[in-house]
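Working notes, beginning with the structure itself.
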Amino acid sequence: MLLMAGHSRRDILAAASALALSGLLSRGEGGTMKNPRIARVESVPLMYPTVGRFKFFESPDGKSTGRPAVLVKITADDGTVGIGQSVPVNRWSYETLETVHTTITRYLAPVLVGKQVFDAEGIEAAMNSVIAPSFSTGQPICKAGLDLALFDLTGRLLQQTAGQRWNRTGRAKITLSWTLNPLKLDDVPGLIEEGRRRGYRHFNIKVAPDVRFDVELARLVKRLVPDGFLWADANGGYDEAAALEAAPKLADAGVAVLEQPVRPNRLSALRKLKKQGALPIILDEGVVN
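Numbering (our numbering), first residue to last: 32 to 320.
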């Protein structure tokens, strides 16, 4: 996800405004408040090569497409620059590399130029005036890149890291898992070995919609990595019946948690899965504000 856990788009934009009100903004000559205006907004579409298979980064015929990203650069009138990125994945969301680039260039950039960089409410209102919100933020992946660039820019003005702005201390290290997304079970030992060579000891598997394959995959990974933490991510790929079938079988196979088993708007299915209690259910795509 592009946003820090526990913080929404509004949090990222509002953090700077809160600091401005508390007098923590850097000051220019003469002690006047330094709140420059946005002079330029640029977006550059990119496609990064990937290592290994990832089902969302491939064409319908199975060829690797790479990882799309739109680099966002916002320059203030005092020369300060902030960098962000949007990561639109058309097989995962309704946003694409092209829509993000054109939306920023044709709609969002023009209304942001001239806005004060710490005017969180004004910036959000301006973006919503040309790309309206719906059930959730209108084109959230696109706007996330602008949010991140603004957060970077205002952080540079404040000379503070994200952790300092949120009064949070950093960690010396963080444990990560290696993602397994094989086409066939014969590929699994080699993928696990590759992860181990890179220092990973815990693994997550991409599952859905084939429950039988998913359970066999989970059993194999758990047998090969008995001491590792194993979790499954369906990315909303199961329907209700398949999710209710899969959860207890995955639990029996050694899976510790199931992420986003059904599509974000399948709230009744999520309630049933929670009531079933076979596995802890965590959400990703379904977390909106």
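We put the beta carbon where it would ideally sit given N, CA and C, even for glycine.
T168 has its alpha-carbon roughly 23 Å from the corresponding atom of A265. Around the beta-carbon of Y269, 16 or more other beta-carbon atoms lie within 10 Å, marking it buried. Contiguous alpha helix (DSSP H) elements confined to the region 139–219 occur at 140–143, 151–161, 171–189, 193–196, taking only those with 4 or more residues. Take V144, set aside five residues on each side of it, and the residues of its chain with a beta-carbon closer than 6 Å to its own are I69, in chain order. With respect to the C-alpha of N121, the residue from V238, T206, S90, R137 having the closest C-alpha is S90. Secondary structure note for F244: its alpha helix (DSSP H) is the uninterrupted segment 242–255. Residues G194 of the same chain have their beta carbon placed closer than 6 Å to that of G201, with the five preceding and five following residues left out of the count. V246 has its alpha-carbon roughly 30 Å from the corresponding atom of V118. Distance between W123 and R71, taken at the CA atoms: about 30 Å.
Sorting T106, E290, E316 by C-alpha distance to the C-alpha of K305 places E290 at the top. Linking P220 to L255 through their CA atoms gives a straight-line distance of about 8 Å. When DSSP reads this structure, I313 sits in a beta bridge with E290. DSSP, read as helix, strand or coil, puts S299 in helix.
The region 103–113 and the region 174–187 touch, with no fewer than 3 CB-CB distances between them shorter than 8 Å. The beta carbon of E73 sits closer than 6 Å to those of K104, all from its chain and outside the five residues before and after it, given in chain order.
In this structure, F234 sits near W209, with a CB-CB distance shorter than 7 Å. When D315, P67, G317, E316 are compared, the shortest CA-CA separation from L189 is found for P67. Taking the Cβ atoms as the reference, K237 lies roughly 6 Å from K86, within the contact range of under 8 Å. For V103, the secondary structure class from DSSP, reduced to helix, strand or coil, is strand. Residues G267, Q291, P295 of the same chain have their beta carbon placed closer than 6 Å to that of E316, with the five preceding and five following residues left out of the count. Going by DSSP, K237 is part of the beta strand (DSSP E) stretching over 234–237. If you compare the alpha carbons of A140, F149, R84 with that of S160, the shortest gap goes to A140. Shown here, V131 sits in a helix according to DSSP, grouped into three states.
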